[in-house]
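*Asks:* Residue numbers are given in the working numbering: position 8 of the sequence shown equals residue -6, and the series is strictly consecutive. One structure follows; several queries about it will come next.
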Amino acid sequence: IVSWNTRDLLVRCIQTFVEDAELADLTVEIIVVDNASSDGTQDTVRNNYPEITLLAQEHNLGFAAANNLGIERGRGRHLLILNPDTELHPGALKHLWNALHAAPHVGLVAPVLLNSDSSFQSAGFAFPGLVQTMLDLYPLHPRLVGSSLNGRYGQGDGLSPFRIDHPLGACMLVRREVIEDVGGFDPGYFVYSEEIDLCRRIADAGWTILCAPGSRVVHHGGQSTGQVADRMQPQLHRSRSRYLRAYHSERFHRMLGILMSAGVMMKRLGVPIPSGGRSADELQEIASYYRDGGSEREHA
């Protein structure tokens, strides 16, 4: 669990994880990598959870690099990457465990994520391409944003595991041999898109990635990044551009640049296109990340 100024949520996350691990009859170790929190997280873990391994950092390493520290310290044959702003429903771990061991080619599984009000949040995504990137910038209609056209998977029948390209990285159970095969998170991603990059390498190596919809996990969402929300939108697109440059052709990037430039021009001309509340200048800055690369890392 990588934490940054989410002490109270982390406590609840640990409680639900421990309860569900006992229910699933799993032997577990818990590793918290704290990215230099200033809210008393480190003292809370030290004083209340002596059985937890705390890796206290002096600086915010970001999500990817901090998770790699936890992965290196862990001794288990399986690794659960878990956000501190999650709560496991009873039986969540058992469903994940069963799905991961359904076949030897299954390398990573994830639950259905729920919002704080228990409404559906996410079951998984297709790897991002041109359409998803454009709909991130120009959300034409809520139904399109939440549709398969935008790479969103539904919940299936609510019980049977099904293949996805990648989950949201809030909760992922992965075999250690998979990490040994493809490597850990790319630390070049400070936050966002690191799980997409990892899953792309897992899929390219021939492993299957599943959503186990019988596993339900509440993801309160954005509790760390929301503390610096004004810096996170640019960071999202810095990370996304890093991913797209790694896995797409020059022709793809030329087309993406043309479409983004067209959107910026329309916005400057006063054409009423949806842009998520972004100004023409903000869109221009975001477009530059995709066109020029920019700097992927933004320290919080």
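Using N, Cα and C, we set each Cβ at its ideal position, and we do this for glycine too.
Quick check on DSSP: helix, strand or coil for Leu255?
*Replies:* Leu255 falls in the coil class under three-state DSSP.
*Asks:* Tell me, to the nearest whole angstrom, how far the beta carbon of Leu269 is from that of Val250; I am working on the premise that it is less than 8 Å.
*Replies:* Confirmed, about 5 Å.
*Asks:* Please give the ranges of any beta strand (DSSP E) in the stretch 166 to 212, keeping only runs that are unbroken, at least 3 residues long and fully inside the region.
*Replies:* Fully enclosed beta strand (DSSP E) runs of 3 or longer: 194 to 205.
*Asks:* Looking at the unbroken beta strand (DSSP E) that takes in His81, where does it start and where does it end?
*Replies:* That residue, His81, is in no beta strand (DSSP E); its alpha helix (DSSP H) goes 78 to 86.
*Asks:* For Ala288, count neighbouring Cβ atoms within 10 angstroms of its own Cβ and tell me buried if that reaches 16, exposed if not.
*Replies:* Since the displayed the chain opens at -13 and closes at 286, residue 288 lies outside it and no answer follows.
*Asks:* Below 6 Å CB to CB, which residues in the same chain sit around Val19 once its five sequence neighbours on both sides are set aside?
*Replies:* The answer, listed in chain order, is Val(-12), Leu41, Ala52, Leu55, Gly56.
*Asks:* Where does Ala89 sit, in a helix, a strand or coil, going by DSSP?
*Replies:* Note: Ala89 maps to coil in three-state DSSP.
*Asks:* The ligand SAM heavy atoms versus the CB of Glu180: any closer than 6 Å?
*Replies:* Only the bare structure without any ligand can be found here, which leaves the ligand SAM out of the picture.
*Asks:* Any contact between the stretch 59 to 67 and the stretch 158 to 165? By contact I mean 3 or more CB pairs, one from each, below 8 Å.
*Replies:* The answer is yes - the stretch 158 to 165 touches the stretch 59 to 67, with three or more Cβ pairs under 8 Å.
*Asks:* Smallest Cα separation from Phe176: which of Gly200, Leu123, Ser227?
*Replies:* The option with the nearest alpha carbon to Phe176 is Ser227.
*Asks:* In terms of residue numbering, what span does the alpha helix (DSSP H) encompassing Glu44 cover?
*Replies:* No alpha helix (DSSP H) contains Glu44, which DSSP labels as neither H nor E.
*Asks:* Quickly, what does DSSP pair Leu242 with across the bridge? List them, please.
*Replies:* Paired residues: none, contrary to the question.
*Asks:* Run the CB neighbour count on Phe111, radius 10 Å, all protein chains shown included, and call it buried at 16 or more, exposed below.
*Replies:* Looking at its Cβ environment, which holds 16 or more other Cβ atoms inside 10 Å, Phe111 is buried.
*Asks:* Would Ser104 be called buried (16 or more neighbouring beta carbons within 10 Å of its own) or exposed?
*Replies:* Ser104 comes out exposed.
*Asks:* Report back the beta-carbon spacing between Leu94 and Ile188 to the nearest angstrom; my notes put them in contact at under 8 Å.
*Replies:* Confirmed, Cβ separation roughly 6 Å.
*Asks:* If you follow the beta strand (DSSP E) that Arg161 is part of, which residue opens it and which one closes it?
*Replies:* Residues 157 to 161.
*Asks:* Considering only C-alpha positions, which residue in the set Leu74, Pro97, Thr72, Val14 is nearest to Asn84?
*Replies:* The option with the nearest alpha carbon to Asn84 is Pro97.
*Asks:* Could you check where the alpha helix (DSSP H) with Leu123 kicks off and where it finishes?
*Replies:* From DSSP, the alpha helix (DSSP H) with Leu123 extends over 116 to 123.
*Asks:* For Ser274, tell me which candidate among Arg224, Gly262, Ile259 has the shortest Cα-Cα distance.
*Replies:* When each option's Cα is compared against that of Ser274, the closest is Arg224.
*Asks:* Is there contact here, the stretch 126 to 138 with the stretch 75 to 84, by at least three beta-carbon pairs under 8 Å?
*Replies:* No, the stretch 126 to 138 does not touch the stretch 75 to 84.
*Asks:* Based on Cα-Cα distance, which residue from His152, Ile150, Ser108 lies nearest to Val131?
*Replies:* Checking every option, the nearest Cα to that of Val131 belongs to Ser108.
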